[in-house]
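Reading through the C-alpha cells given below for one structure.
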Amino acid sequence: MVFFIGNIASAAEGCLYGGQVYRDQLFTGSWQNSISSSCPSNASNSTNYAKIINEIKPKQSCRLSWSLDYGVLVEYDIAKCPIDDYIPQMLLGVSGFGFLFIRRRLSGKSAVKF
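For the sequence shown, the numbering used here gives the first residue as 1, with consecutive numbering after it.
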C-alpha cells in the first residue's frame, strides 16, 4: 500500500490523446510537448515513456494546443523502458560464448582467447 501511495504522490497530470501524453499546460488551458504512453519497439532501457497511473475521475477532457481535438486528463509518471525485450538476444550471446568455452575445454585447450 505504501508503494501505491508513493507512486501517486510523484504523479503529474497530462492530456492523453492518440498514444501520447501531452505534459505542459499553457495559460490558455491547452496542452503541448508530448511523450509516448508506451515503449516504442526499438526502445532501450534509457528511453522514457509516460506510465499512465489512472484517468482523472470523472473522465475530464482536455484540449490540445495544435488542434481542436480533445484528449482525456490522466495522471502519469515518467518511467524507463524495460530491457526485457532484449533477453533472447542476451541469452543467445551468452550461450554462444558458453558453447565456445565448453568446446575448447573438450578439445584440450585451456582458455578462450578473444
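Where a beta carbon is used, it is the ideal one built from N, C-alpha and C, also for glycine. Quick caveat: nothing in here was measured; it's all calculated off a predicted structure.
Here C15 is near L73, since their CB atoms are less than 8 Å apart. Straight across, the Cα-Cα distance linking Y49 with S36 is about 5 Å. Taking a C-beta distance under 8 Å as the contact criterion, K51 and Y76 qualify as a contact pair. Rounded to whole angstroms, G18 and I87 show a C-alpha spacing of 29 Å.
Closest by C-alpha distance to A12, out of E55, S38, L106, T28, is E55. For Y70, the number of other beta carbons within 10 angstroms of its own is below 16, and it is reported as exposed.
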